[in-house]
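Residue numbers (the UniProt record's numbering): 1 to 293. The C-beta atom is built at its ideal place from N, Cα and C for all residues, glycine as well. Keep in mind it's a predicted model, so treat the numbers as computed, not measured. I have placed the structure first, in the form of structure tokens, so that the comments after it can refer back to it.
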Amino acid sequence: MDWYYEEGMSVKDFLIQNRKPFEERLLNEAVNVRDKIEEIRVIGNINLLENALKIVLYVVEGQKDEVVAFAKKEGIAWANFSLTLAFKLEWVQAIRRTLWVALHDYELLSGMDVDRERFYKTESNINALIDEFLNGFFISYSKYKDELIEAQREMVENLSVPIIPVTPSVCILPLIGEIDASRVTTIEEKVLMEIGRLRIRTLIMDLSGILEMESNIATNFLKLLDGIGMMGCTPVITGLRPETVRNMMAQDLIFDNKAEIKGTLQQALDEYLVNQRLEQNNSASALNLNKSV
């Protein structure tokens, strides 16, 4: 592999002019990444070879701010598309080795005298900037990945507490699966917030899909019913399973006057929707009567 060199050529110009031999050497160094380059380009719209040249040019020019900014951008891109970190680490280390080969050949071609002090200074600066890139990349990757996970967790939590309006004042909360400590906290926060936001007067909580509720969770659930009542909303419980009732009875946990109990969701809907229609009809009749008078 021959490098092209002209008298007086700077290191930056040397790397730009020798992009092809540089890339060939780099691909030979990064054995595991070589076959993944096209896949990474398709998945994440990331051109590894083009980005490699950007990194080495920033490094040889000592552009620390550009290195840090580029590392942050790369970290977000790799996290967003869940690309393999092992490939990135191998790729950057291959870039480091290839750059040193290019710098060695540049000095040979330019006829520069051997200067140990210059070498150690160059080595320190270049390796420090490449390490800066790696550090910035992994911090950016981890931070963005954590933000993605947190956003997905919040989305799942919101989906696990689906408050469904059926009328302007009546809503349904169907609960499915297991209720643990984390989920009961989410239910409490979401329910109280939505009661205030939607001005819910009746919240029908259907528990027919609940698989298991631990004793301490049942206690928190009873406290939630108190909170719902304090918000001026009537809690209605439907779909209690026999095993859930037995467990609560064994622990002396009873609803008392905390909530209205209905056998099924359909029974509750029939009753509350009928009552609401009656209220609306009575209000309309009273309004018409007042107009007649």
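When the options are compared against residue i, the one with the closest alpha-carbon
i      : options                           : result
Lys270 : Gln152, Phe70, Lys36 and Val170   : The residue you asked about is not Lys; residue 270 is Asp in the sequence shown. Considering only alpha carbons, the answer is Val170.
Thr95  : Lys54, Met248 and Asp13           : It should be pointed out that residue 95 corresponds to Ile in this sequence rather than to Thr. Considering only alpha carbons, the answer is Lys54.
Leu83  : Glu24, Lys36 and Asp146           : Lys36
Lys72  : Thr202, Glu117, Thr238 and Tyr144 : Tyr144
Glu123 : Gly62, Leu222 and Ile40           : Gly62
Glu147 : Trp91, Ala79, Ser208 and Leu89    : Ala79
Asn257 : Phe137, Leu222, Gly209 and Glu243 : Leu222
Glu243 : Lys121, Ser208, Gln266 and Asp226 : Ser208
Ala259 : Gly229, Val59 and Val92           : Gly229
Arg241 : Gly263, Lys190 and Asp252         : Gly263
Tyr141 : Tyr120, Leu89, Leu265 and Tyr272  : Leu89
Ala52  : Val92, Leu109 and Lys20           : Val92
Leu85  : Arg153, Ile40, Thr186 and Met249  : Ile40
Leu139 : Glu107, Asn127 and Glu74          : The residue you asked about is not Leu; residue 139 is Ile in the sequence shown. Ranking Glu107, Asn127 and Glu74 by Cα distance to Ile139 puts Glu74 first.
Ile176 : Thr202, Arg199, Ile210 and Lys190 : Ile210
Glu7   : Lys64, Ala250, Tyr106 and Lys121  : Tyr106
Asn216 : Thr185, Val59 and Val60           : Thr185
Met248 : Leu273, Thr219, Asn45 and Ile76   : Thr219
Ala250 : Glu214, His104 and Arg118         : Glu214
Lys121 : Lys20, Gly227 and Val60           : Val60
Phe137 : Leu108, Phe87 and Phe119          : Phe87
Lys20  : Ala102, Asn127 and Lys64          : Ala102
Asn127 : Asp226, Glu38 and Lys64           : Lys64
Cβ neighbours of residue i in the same chain (closer than 6 angstroms, five flanking residues each side left out)
i      : result
Asn18  : Trp3 and Tyr4
Ala286 : Only weak support is given to the placement of Ala286: the predicted model assigns it a pLDDT of 44, under 50, and the value that follows is read from those uncertain coordinates. Here the set comprises nothing.
Ile43  : Phe81
Ile261 : Ile237
Ser10  : none
Ala284 : Low per-residue confidence applies at Ala284: pLDDT is 44, beneath 50, and the placement is therefore not dependable, though the value from the model is reported in the following sentence. Cβ within range, chain order: n/a, list empty.
Glu188 : Leu224
Leu49  : Glu23
Asp252 : none
Lys190 : Val161
Contacting residues, own chain, Cβ-Cβ under 7 angstroms from residue i (five flanking each side not counted)
i      : result
Lys291 : Low confidence applies here, because Lys291 scores a pLDDT of 49, under 50, leaving its location unreliable; read the following figure in that light. So no residue of the chain qualifies.
Leu57  : Lys12 and Leu15
Asn125 : Gly62
Ala77  : Gly44 and Ile46
Glu150 : none
Nonlocal neighbours in the same chain, by C-beta distance under 8 angstroms from residue i, ignoring five residues either side
i      : result
Gln267 : Thr238
Leu265 : Ile172, Pro174, Ile204, Asp206, Ser208, Thr238 and Gly239
Arg201 : Ser169, Val170, Gly232, Cys233 and Thr234
Ile254 : Met248
Leu273 : Val166, Thr167 and Val170
Min CB distance residue i to chain B below 7 angstroms
i     : result
Gly75 : The structure shown contains no chain B; it is built from a single protein chain.
Do the region 18-33 and the region 67-77 touch if we need at least three Cβ pairs shorter than 8 angstroms? no
Do the region 130-148 and the region 159-168 touch if we need at least three Cβ pairs shorter than 8 angstroms? no
May I have a chain-ordered list of the beta strand (DSSP E) segments no shorter than 3 residues that lie completely inside the UniProt domain "STAS" (160-272)? 170-179, 202-213, 234-238 and 260-262
Contact between the region 232-240 and the region 195-204 is defined here as three or more beta-carbon pairs at a separation below 8 angstroms; is this criterion met? yes
Three CB pairs or more closer than 8 angstroms across the region 20-29 and the region 96-111: yes
Given 8 angstroms as the limit, is there contact between the region 107-125 and the region 176-186, that is, 3 or more CB pairs closer than that? no
In chain order, which beta strand (DSSP E) runs of at least 3 residues are fully inside the region 87-134? none
Secondary structure, alpha helix (DSSP H): runs of 4+ residues fully inside the region 21-60: 31-34, 37-44 and 48-60
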